[in-house]
Structures are given as structure tokens and as C-alpha cells.
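Protein sequence lines, in the order shown, are assigned to chains A and B.
Throughout, the working numbering is defined as the position within the first sequence, counted from one, plus 1060.
Throughout, the working numbering is defined as the position within the second sequence, counted from one, plus 404.
Below: the structure, in C-alpha cells.
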Amino acid sequence: EAGVVQSPRYKIIEKKQPVAFWCNPISGHNTLYWYRQNLGQGPELLIRYENEEAVDDSQLPKDRFSAERLKGVDSTLKIQPAELGDSAVYLCASSLSYFVWGSSYEQYFGPGTRLTVT
Amino acid sequence: KQEVTQIPAALSVPEGENLVLNCSFTDSAIYNLQWFRQDPGKGLTSLLLIQSSQREQTSGRLNASLDKSSGRSTLYIAASQPGDSATYLCAVYSYNNNDMRFGAGTRLTVKP
């Protein structure tokens, strides 16, 4: 079974330029997450989707970040314009669902996209 | 707000040694705790998931324990191997935040 697929794996852009990341979750997984991981730190949640609905985007910097999950499968995360502080690894994860019977489903992570803003 | 701390930040051991990685969290109202492994340039691989009602989980040479009341978890690795070298992260899913919070990780090096 294929895991979570992300592209591109690496991206170098100049500040003020736009950039987009793509994620294809594991087949059948309804919940999709985007995380940002700064160097030497753990991932931080940016946005969570239940099917095509964004149910938790409280940590997404909405002035420059946007995301979409059309048809409840693939997802795209966009930054426009990028700033130097956006340099990080952007991780996508998926799970069967999010919450049931007082627990949460195991999350499966993709390899991430390493973004460098110069 | 849930805070997750991992100590030590880095650890280097000779091959064959048993070792313990520590994770502490400030809010004990959690649903579960998960340990991940991250290799350089790679995503996260789930190692063990402990539900709040459980005390420990085992997988091969790995054993994770959870003490919710004290806000602590440990990951025990038996007979360490060079292939265990990676960064290990713990994450907790808590009631109040309604999301998963990660520690910064422990970077483990196992020397042949």
C-alpha cells in the first residue's frame, strides 16, 4: 500500500515569491493534516481537514497561507508571498478519521517538503 | 496550553546498550501519546501509540510506558543498534487543545 505522497521534496525560492506543496494521502483516509517543522523542533499543526472541510485552521497564518482539499482527497498548501521565516519542512499526514470513542486514529506522515526561502 | 518536553535533546551510546528516552507533558488530560521516529530528511514513522487507559505498549525491542498522573512517558530501547540512530519524538493528543502536540525530539546516535 502506498504511503502519503508529497511533492516537491525540496524547493528553493526567493522571498516574496509564491510556492505550493501537494499531498496525496493514503487511500481511504478521511483526515488530512498539514504540519510545519522548524529546524530542531517538533511539527506544529497548520490545518486539519475532515474530508473536504477544514475543521481546524487556527494555526494557519491566513494572511499568506492558504490550503484546499478538493473532492476530499489530494490537498495543496500555498504560501504567497513567502518570507524568510517560512523556511521549514512542511509535512502532510493522514489518518482513517480523527476522533472516535475518546481516542484518535494513528497518523501516517509523508516525507515532507523542505522549503528554503532566500 | 499543552507543553511537551523531551530530555535529553541528544544522546550517544555504544551499540548493544539499553537506553531510555524521556517525554513529559504539562496537561495530564490526554487521549493518547504517540512515539515517532524521524530519519534525516524523512517524514515521521509511528513506533507506538498508547491510549490514555493503557500503561504501556511493546513492539519488538521497544517498550513505551505512560504515567498520565505525573505527565511522563518513557521509551525504552533494548540492545540498541546503529540502525536505531534517528530522532525520536513524542506527541500527545490532549482534551483541551484538541490536537496533537509534539516535543522537540531526542537525537539518538548508536555507535558501532
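Think of the CB as a built atom: it goes at the ideal place given N, C-alpha and C, for glycine as much as any other residue.
Residues that residue i contacts on chain B, provided the C-beta gap is smaller than 9 angstroms
i, result
"A/Leu-1151", "Gly-447, Leu-448"
Local Cβ density within 10 Å of residue i, reported as buried at 16 or more and exposed below that
i, result
"B/Arg-459", "exposed"
"B/Asn-436", "buried"
"B/Gln-410", "buried"
"A/Ala-1153", "buried"
"B/Ala-483", "exposed"
"A/Ser-1135", "buried"
Which listed residue (the options) has its alpha carbon closest to that of residue i
i, options, result
"A/Ile-1107", "A/Ser-1126, A/Gly-1100, A/Pro-1171", "A/Ser-1126"
"B/Asn-501", "A/Thr-1136, A/Phe-1169, A/Asp-1116", "A/Asp-1116"
"B/Val-408", "A/Tyr-1070, A/Tyr-1150, A/Ala-1142, A/Gln-1101", "A/Gln-1101"
"A/Val-1079", "A/Tyr-1150, A/Asp-1134, A/Ser-1118", "A/Tyr-1150"
"A/Leu-1156", "A/Pro-1171, A/Pro-1085, A/Ala-1062, A/Thr-1136", "A/Pro-1085"
"B/Arg-465", "B/Ile-411, B/Glu-421, B/Tyr-499, B/Leu-448", "B/Glu-421"
"B/Ala-468", "B/Gln-438, B/Ala-490, B/Thr-430", "B/Gln-438"
"B/Ser-450", "B/Lys-405, B/Lys-515, B/Ala-490, B/Gln-406", "B/Ala-490"
"A/Tyr-1168", "A/Ile-1072, A/Tyr-1093, A/Pro-1121", "A/Tyr-1093"
"A/Gly-1088", "A/Thr-1178, A/Glu-1128, A/Asn-1111", "A/Asn-1111"
"A/Gly-1172", "A/Lys-1075, A/Gln-1097, A/Asp-1123", "A/Gln-1097"
Closer than 8 angstroms at the beta carbon, the chain A residues around residue i
i, result
"B/Asp-503", "Leu-1105, Arg-1108, Asp-1116"
Listed by chain order, chain B residues near residue i by CB distance under 7 angstroms
i, result
"A/Gln-1101", "Ala-508"
Anticipated Cβ contact below 8 angstroms, residue i with residue j, distance rounded
i, j, result
"A/Leu-1053", "A/Ser-1147", "Nothing about residue 1053 of chain A can be read from this structure; chain A reaches only from 1061 to 1178."
"B/Leu-479", "B/Leu-425", "4 angstroms"
Closer than 9 angstroms at the beta carbon, the chain A residues around residue i
i, result
"B/Leu-493", "Gly-1102, Pro-1103"
Beta-carbon neighbours of residue i, restricted to chain A and to distances below 7 angstroms
i, result
"B/Leu-453", "Glu-1166"
Minimum length 3: unbroken beta strand (DSSP E) runs contained in the region 1081-1129 of chain A
Runs of the beta strand (DSSP E) inside the region 1081-1129 of chain A: 1091-1097, 1104-1110, 1113-1116, 1125-1128.
Within the region 416-499 of chain B, ranges of the beta strand (DSSP E) (whole runs, at least 3 residues)
423-429, 434-442, 448-455, 460-463, 466-471, 476-481, 490-498
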